[in-house]
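When the sequence shown is numbered by the numbering used here, its final residue is 1512 and no position is left out of the sequence of numbers. All remarks here apply to the structure that follows.
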Amino acid sequence: MKLFVVNLGELWLKSEPVKRIFLNKLVDNIKSMLIERGIKFKIRKERDKIFVYANKSAGKVLKNVFGITSFSFAEEVETDYESIAKAVRKMAKGIRCGESFAISVNRSWKGFKYTSKEMERMLGALIKRKVDLENPDKVIYVDIRKDNSYVYMEREKGLGGMPISTAGRVISLFSGGFDSAVASFMMMKRGCSIELVYFYNYPFSPKSDRERVIAVAKVLRKYYPKSLRLYIIPFAKIEEGVMNYCHIKYACLIGRRIMIRIAEKIARMRNAKALVSGENLSQVASQTLENMASVGKASTMLILRPLVGFDKNEIIEMAKQIGVYEKSSKISSPCPLTHKRPATKSEPKTLEEEEDKIKGLQE
1150 MKLFVVNLGE
1160 LWLKSEPVKR
1170 IFLNKLVDNI
1180 KSMLIERGIK
1190 FKIRKERDKI
1200 FVYANKSAGK
1210 VLKNVFGITS
1220 FSFAEEVETD
1230 YESIAKAVRK
1240 MAKGIRCGES
1250 FAISVNRSWK
1260 GFKYTSKEME
1270 RMLGALIKRK
1280 VDLENPDKVI
1290 YVDIRKDNSY
1300 VYMEREKGLG
1310 GMPISTAGRV
1320 ISLFSGGFDS
1330 AVASFMMMKR
1340 GCSIELVYFY
1350 NYPFSPKSDR
1360 ERVIAVAKVL
1370 RKYYPKSLRL
1380 YIIPFAKIEE
1390 GVMNYCHIKY
1400 ACLIGRRIMI
1410 RIAEKIARMR
1420 NAKALVSGEN
1430 LSQVASQTLE
1440 NMASVGKAST
1450 MLILRPLVGF
1460 DKNEIIEMAK
1470 QIGVYEKSSK
1480 ISSPCPLTHK
1490 RPATKSEPKT
1500 LEEEEDKIKG
1510 LQE
């Protein structure tokens, strides 16, 4: 088994009691994801780090766990100078000729006889390479602890954020497109348990869109330590009613308000604390400040819009990074409620009056 030293991120901003709760949840999430992939492991946690003993494939799992800032393959040695020096020499073989290096020592156990600075000088003297303390090509990290010490060099970047299930449950309005997928990912990163609601409007969209949306949800599932719930709501009859009875320039906004009310009902049943939308300001006519405010009035529940300040190129780039781009781009999601001259400014009262025309369809 290899040893992974897992570094924590924002957990350090929390008070000690809260930090313990978050740390335990992060350990549970790591365990769940390793078990699901059939990887044997042992985990040990300390106040500021998690130590995972597993085979090399565990690294691919740790990359996808929210709450991990970085992790490293490490050499575990006894806490004495000779053992640490031997491990540093071994690690230094990975520094190529011409590359510069630095030693970074963290003396977690203050009972060790040398200070961090003394150890950095002593260990640095063992390596016949150029020292560069400001911008080294390679850094050898030494973490000195009472029972054992750890030596490592490469740091693999993690997702950061907070462990899932530490921030409560949210319900995400999910079309499977770039915006809703990235918005859902970002709320997961902030520690939210998330459930997805997809409004299926066949025959206004291809029947195949349903399976494509499920495929996008499966990509998000790889970042999730438990089952990811997806609700599929038939919506074509409601859209048909909106088109037939409501003023067409408000149709898109009315459809959106109905979606929000349905999502809110699910949220109340599931004890969720907020709804999530992939809207970003001024991207389309329905996403002006006035229209977002009017649509938001359909619910008394908090609506989170994590993409509100991003432009489309930034969202697409994030979709590529998290792996949904290819599958999201295949979803057509045509909306029959769009109009050549949609309302860019609306009042909640006006939309409510239009909705009264189709009250029976909303029950």
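Even glycine gets a Cβ: it sits at the ideal position worked out from N, Cα and C. All values derive from a computational prediction rather than experimental measurement.
- Mapping DSSP to helix, strand and coil, what is Asn-1204? Translated into the one-based positions of the sequence shown, residue 1204 becomes position 55. Here Asn-1204 sits in coil by DSSP.
- At which residue ranges does the segment 1341-1390 contain complete beta strand (DSSP E) runs of 3 or more residues, listed in the order of the chain? Runs found: 1342-1349, 1379-1383.
- Message: Nearest by alpha-carbon distance to Ile-1170: which of Pro-1491, Lys-1194, Leu-1500, Lys-1506 is it?
- Response: Start at 1 with the first residue of the sequence shown, and residue 1170 comes out as number 21. Comparing Cα-Cα distances from Ile-1170 to each of Pro-1491, Lys-1194, Leu-1500, Lys-1506, the minimum goes to Lys-1194.
- Message: Only counting the same chain, and skipping five residues up and downstream in sequence, which positions put a Cβ closer than 6 Å to that of Val-1254?
- Response: Position 105 of the sequence shown, counting from 1, holds the residue named residue 1254. Here the set comprises Ser-1265, Met-1268, Glu-1269, Val-1291.
- Query: Cβ atoms of Arg-1361 and Ile-1480: under 9 Å apart, would you say?
  - Reply: For the purposes of this step, residue 1480 is taken as residue 331 along the sequence shown, with counting starting at 1. For the purposes of this step, residue 1361 is taken as residue 212 along the sequence shown, with counting starting at 1. With contacts defined by Cβ atoms closer than 9 Å, Ile-1480 and Arg-1361 form a contacting pair.
- Helix, strand or coil: how does DSSP classify Glu-1305 here? Indexing the sequence shown from 1 puts residue 1305 at position 156. In the structure shown, the three-state DSSP call for Glu-1305 is strand.
- Message: By the three-class DSSP mapping on this structure, what secondary structure does Tyr-1263 have?
- Response: On the sequence shown, position 114 is the one that residue 1263 refers to. Reduced to three states, the DSSP call for Tyr-1263 is coil.
- Message: For Val-1237, which residues in the same chain have their Cβ closer than 8 Å to its Cβ, ignoring the five residues on either side in sequence?
- Response: Here residue 1237 refers to the residue found at position 88 when the sequence shown is read from its first residue. If we look at Val-1237 and ignore the five residues flanking it on each side, its Cβ neighbours are Ile-1252, Leu-1272, Leu-1275, Ile-1276, Ile-1289, Val-1291, Val-1300.
- Message: Let me check understanding here. Comparing Cα to Cα, which of Met-1337, Gly-1427, Val-1167 lies closest to Phe-1327?
- Response: Position 178 of the sequence shown, counted from the start, is the residue given in the question as residue 1327. Put simply, of Met-1337, Gly-1427, Val-1167 the residue whose alpha carbon is nearest the alpha carbon of Phe-1327 is Gly-1427.
- Pick from Pro-1383, Glu-1344, Val-1425, Tyr-1351 that is closest to Leu-1377, judged by C-alpha positions: In the sequence shown, residue 1377 corresponds to position 228, counting from 1. Each of Pro-1383, Glu-1344, Val-1425, Tyr-1351 was checked against the Cα of Leu-1377, and the nearest Cα belongs to Glu-1344.
- Would you kindly report the start and end of the unbroken alpha helix (DSSP H) that includes Phe-1171? Locating residue 1171 in the sequence shown gives position 22, where the first residue counts as 1. Counting along the chain, the alpha helix (DSSP H) containing Phe-1171 begins and ends at 1165-1185.
- Message: Per DSSP, what are the beta-bridge partners of Val-1288 in this structure?
- Response: Numbered from 1 along the sequence shown, position 139 holds the residue referred to as residue 1288. Secondary-structure assignment with DSSP links Val-1288 through a beta bridge to Ala-1251.
- To the nearest angstrom, how far is it from the Cα of Arg-1406 to the Cα of Gly-1208? Looking up residue 1406 in the sequence shown gives position 257. Looking up residue 1208 in the sequence shown gives position 59. Each residue's Cα considered, the two are about 43 Å apart.
- Query: Can you list, in chain order, the residues of its chain whose CB lies under 7 Å from that of Ser-1477, leaving out five sequence neighbours each side?
  - Reply: Position 328 of the sequence shown holds residue 1477. Contacts found: Gly-1325, Gly-1326, Phe-1327, Ala-1330, Val-1365, Ala-1468.
- Would you kindly report the start and end of the unbroken beta strand (DSSP E) that includes Glu-1224? As a working mapping, residue 1224 is identified with position 75 in the sequence shown. Unbroken beta strand (DSSP E) run through Glu-1224: 1217-1227.
- Query: If we ignore side chains and look at the alpha-carbon of each, how far apart do Phe-1261 and Lys-1295 end up?
  - Reply: Walking along the sequence shown from the start, residue 1261 turns up at place 112. Walking along the sequence shown from the start, residue 1295 turns up at place 146. So the two alpha carbons sit approximately 8 Å from each other.
- Considering only C-alpha positions, which residue in the set Val-1201, Asn-1178, Asp-1197, Arg-1196 is nearest to Lys-1189? Here residue 1189 corresponds to residue number 40 of the sequence shown, with the count starting at 1. Among Val-1201, Asn-1178, Asp-1197, Arg-1196, the Cα nearest to that of Lys-1189 belongs to Val-1201.
- Message: Given this structure, state the Cα-to-Cα distance separating Leu-1486 from Glu-1502, to the nearest angstrom.
- Response: For the purposes of this step, residue 1486 is identified with residue 337 of the sequence shown, where counting begins at 1. For the purposes of this step, residue 1502 is identified with residue 353 of the sequence shown, where counting begins at 1. The alpha-carbon atoms of Leu-1486 and Glu-1502 are separated by roughly 17 Å.
- Query: Using the beta-carbon count (16 or more within 10 Å), is Thr-1449 buried or exposed?
  - Reply: Reading the sequence shown from its first residue, position 300 is the one you call residue 1449. That one is exposed.
- Query: Thinking C-alpha only, which one of Arg-1256, Ile-1217, Cys-1246 is nearest Tyr-1230?
  - Reply: Indexing the sequence shown from 1 puts residue 1230 at position 81. Minimum Cα-Cα distance from Tyr-1230 among the listed residues Arg-1256, Ile-1217, Cys-1246 corresponds to Arg-1256.
- Just how far apart, CA to CA, sit Leu-1451 and Leu-1424? Here residue 1451 refers to the residue found at position 302 of the sequence shown. Here residue 1424 refers to the residue found at position 275 of the sequence shown. Pairing Leu-1451 with Leu-1424, the inter-Cα distance amounts to about 6 Å.
- Query: Assuming Cys-1401 and Pro-1497 make a contact with CB atoms under 8 Å, what is their CB distance in whole Å?
  - Reply: Counting from 1 along the sequence shown, the entry for residue 1401 is found at position 252. Counting from 1 along the sequence shown, the entry for residue 1497 is found at position 348. That belief does not hold up - the Cβ atoms of Cys-1401 and Pro-1497 are roughly 15 Å apart, past 8 Å.
- Message: Would Ala-1529 and Ser-1321 be called neighbours here (beta carbons separated by less than 9 Å)?
- Response: Residue coverage of the chain in this structure runs from 1150 to 1512, which leaves residue 1529 outside it and unanswerable.
- Message: With H, G and I counted as helix, E and B as strand and the rest as coil, what does DSSP make of Lys-1279?
- Response: Numbered from its first residue, the sequence shown carries residue 1279 at position 130. Of the three classes helix, strand and coil, the one that applies to Lys-1279 here is strand, per DSSP.
- Task: Report the partner residues of Arg-1256 according to the DSSP bridge assignment.
- Result: If you number the sequence shown from 1, residue 1256 lands on position 107. Beta-bridge pairing links Arg-1256 to Ile-1293.
- Task: Find out if the Cβ-Cβ distance for the pair Tyr-1394, Lys-1506 is shorter than 9 Å.
- Result: In the sequence shown, counting from the first residue as 1, residue 1394 sits at position 245. In the sequence shown, counting from the first residue as 1, residue 1506 sits at position 357. Judged by their CB atoms, Tyr-1394 and Lys-1506 are nearer to each other than the 9 Å cut-off.
- Task: State yes or no: is the C-beta of Val-1104 within less than 9 Å of the C-beta of Tyr-1372?
- Result: Lying outside 1150 to 1512, the shown extent of the chain, residue 1104 is not represented and no answer is given.
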